[in-house]
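I have placed the structure first, in the form of structure tokens, so that the comments after it can refer back to it.
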RNA sequence: GCCGGAGUGGUGGAAUUGGUAGACACAAAGGACUUAAAAUCCUUCGGUCCUUUGGGCCAUGCGGGUUCAAGUCCCGCCUCCGGUACCA
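In the working numbering, the protein residues as written are 96 to 899.
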């Protein structure tokens, strides 16, 4: 009978709960550590076995820090607004609140079953009015700072379903549900000016302790590029056309211009002869779904009949409309340089437009040349290279007021509203006089009203518009009639600041207390999945910087250190999903093998940041390891073995113990938990062979294992006579003098190939070792007929004899 | 296309600065214990060849290079995964 994981795990979870073992104090002498998970959306499916991977990692880190003497904040909560509960409500009429509560209860039960050391007194849910009151308040701060504005923006409108879809509900231009076409429909939206922060969001990545590739994802998303804006006069019009280009050096090669179909100048400049064709082209472009836009690579376009004047050489060049130019980037207009831009080259070929080479190199008969070269056909730039001519022409343009240096970002402003029910209502009133009033702190929370139906209104507006008594109000402050904002906030809103609420979850006079914020922030350790590496982390950083500017927080960045967690794949190596039928239910695993086995196994599978396939046999193996460790202490009847003795450990035991302490401690520093577990396995294998097992060595091992398998270790710790939980017992320290061996094996290579080996004292003289190596009998066949040219000795490791 | 990441035994993975490739496990095979099975314990376990208590050769996706020495560094490819995509 191995150890009884069910009984032990239940016992210690109860002990930790009753004793509030993991309660975090908001002050004190100890240094602090804030260790954070990405809080989950509580879905109806419950956890699958991949969820606890990251949570186990942060739990190990939290428990380790406690044993290292830190005051640890390790909280958990629920990102509980979200589409699935609303879709379920549309189908069944069940209030999303009801579904959400039920799912939260299930998630909480499952998370508690793993024995995670959360301070459950800090649990929060974004759907709780006590929480979203402050989400709304924070929005009003952002609004008052001028960072929120209304705009017409295109949404994913599905005429068939009569609803607006989230991006993730649109797959290849069709609705995920039913496969209906989705088109772009402009609707009034709230936008946040994240672009105002683009430069800081980019620059401040520099100092963050984040994986380089995650920073790179964010950099690419922000997409900074340096260039110039240049004005072109439209021939015969009192209007200028401004373009953005990263290559002002190619200005002399601009042979035509292109406007995006949405560009406001299009209708004004089209000539009478071309007006009808242009209008038709623009209509066709507007009808195109995202799917068509994405797939169509062949260039289409339409001549407007108008001409622009190239400011550098006064050439008259035609102005076209084409959908390969996007309104959302730069100015929505470009100067086309077909000789040096592949897209322009293809367009010019398609419509027989002139191609003038201005930089030598390449073969522009075959493709555009985008490399460096000598400027030609370029007047004042002739003879210069690309870099120098960019500098020269930029100066030339700005002196004459024709253009200016400009930094452009791919990052767009953040579309911050949803036409949904289950989200935070905007705390805004649209007054009769056309102004907007943000509700004051004393008017919050603005509660979600009860509705008859969760179905979309059919116009694309949220179901809230169907409740006139909620929408239409008399505003006591202004004395005017007013309409409430009917959009709700996206799920990102709640998750943008939850780490701040955890530091002060019950505060009902402020979102958080300033002193607590100074104590706990920034988050020292944040772990989550790659799927949130761009948007969530960027949005939260944006809000945090706004809070910083408002004096609400004391740090410039929220997450000092971030690590990425890989995915647990199904046994077939594919992503776990219900449809594939490869989902592993953690309830079953915990019942059969225990939470400690599951935790250990998830960590043993491989490095944290890699995707790893689940393996049922593997968890049996790790369970066997725990059973073998159990038998170091107990006999078949679970009585303490006589072999466990309170004696001074012998030298060999000390060597094994200190090596294990040393290796595991090293691996804790950079979270190489898989190899740390290997080291502990080696310890158990060694100790199993011994008839006398010094208790002090076994106790050191228990402390090392405790962050990984806490219930198991607490149980044995208690059986060894300790009255207190080991959660705050000091992490053992290795005496490195026990790591040094007296004798080491030196291997002998001839021309890099292993031929011999022998033992020498660790401090052996280099010359003596070389001599001994050369004298080895095994070497002779390989040295025969050769001259020894060189002998290299790597102390304590190897001798390499170079001979030919 | 562009930007990231990864390719090591039958499998998951080790090898921290270039220095004994395959730690630790899983699976498999054989053995011990047992009436039997499970559990446990022991042994073998990259490929190939030979004159087989031993030893040779090959081997970290492929091809080159640097080095006394390369899984590790450099150059050129291939495959897979993720992100992104007419971003001017």
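C-beta atoms are modelled at their ideal positions from N, C-alpha and C, and glycine is treated no differently.
| query | result |
| --- | --- |
| Rounded distance between the beta-carbons of residue 275 and residue 691, thought under 8 Å | Contact flag wrong, Cβ pair sits at about 48 Å. |
| Residue 397 - DSSP class collapsed to helix/strand/coil | strand |
| Beta-carbon gap between residue 394 and residue 438 smaller than 9 Å | yes |
| Cβ-Cβ distance between residue 659 and residue 714 below 9 Å | no |
| Outcome for residue 861 when other beta-carbon atoms lying within 10 angstroms are tallied against a minimum of 16 | exposed |
| According to DSSP, residues forming a beta bridge with residue 579 | 524 |
| Backbone secondary structure at residue 322 - three-state DSSP | strand |
| Closest by C-alpha distance to residue 804, when choosing among 849, 720, 780, 734 | 720 |
| When 711, 872, 742 are compared against residue 788, the one with the closest alpha-carbon | 742 |
| Bridge partners - residue 905, DSSP secondary structure assignment | The question about residue 905 has no answer, for the chain in this structure spans 96 to 899. |
| Own chain, CB closer than 6 Å to residue 829, minus 5 neighbours either side, in chain order | 753, 756, 757 |
| Whole-number beta carbon distance between residue 277 and residue 260, since they are thought to touch under 8 Å | 6 Å |
| Length at least 4, wholly inside the segment 169-245: the alpha helix (DSSP H) runs in chain order | 178-187, 191-208, 224-239 |
| Residue nearest to residue 171 in terms of C-alpha spacing, selected from 207, 196, 461, 190 | 207 |
| Cβ-Cβ distance between residue 817 and residue 104 below 9 Å | no |
| Close beta carbons around residue 331, own chain, < 6 Å, minus the five adjacent residues each side | none |
| Nearest candidate by alpha-carbon position, reference residue 426, set 434, 474, 357 | 357 |
| DSSP three-state assignment for residue 350, whether helix, strand or coil | coil |
| Assigned exposure category for residue 840 - 16 Cβ within 10 Å defines buried | exposed |
| Sequence ranges, beta strand (DSSP E) only - wholly within the segment 496-574, length at least 3 | 498-504, 523-526, 531-533, 567-569 |
| Contacting residues, own chain, Cβ-Cβ under 6 Å from residue 473 (five flanking each side not counted) | 347, 453 |
| Residue 588 vs residue 595 beta-carbon contact at 9 Å | no |
| Residue 739 to residue 773 span [Cα, whole Å] | 23 Å |
| The segment 496-505 in contact with the segment 152-169 per 3-pair CB rule at 8 Å | no |
| Assumed close pair residue 131, residue 618 - CB separation to whole angstroms, cut-off 8 Å | 5 Å |
| Sub-9 Å separation of residue 681 and residue 205 beta-carbons | yes |
| Where residue 605 falls: helix, strand or coil (DSSP) | coil |
| Whether residue 349 touches residue 401 by CB criterion (9 Å) | no |
| Contacting residues, own chain, Cβ-Cβ under 7 Å from residue 684 (five flanking each side not counted) | 144, 693, 714 |
| Top-ranked residue by Cα proximity to residue 460, from 470, 435, 477 | 435 |
| First and last residue of the uninterrupted beta strand (DSSP E) at residue 415 | 411-416 |
| 8 Å Cβ shell around residue 480 - same chain, five flanking residues per side excluded | 467, 468, 469, 470 |
| Cβ-Cβ distance between residue 507 and residue 341 below 9 Å | no |
| 8 Å contact criterion, which residue 177 and residue 813 should meet: CB distance rounded | In fact, because the Cβ distance is near 42 Å, the residues do not count as touching under 8 Å. |
| C-alpha gap between residue 251 and residue 227, whole angstroms | 26 Å |
| Sequence-distant residues of the same chain with beta carbon closer than 7 Å to residue 142, five excluded per side | 202, 205, 681 |
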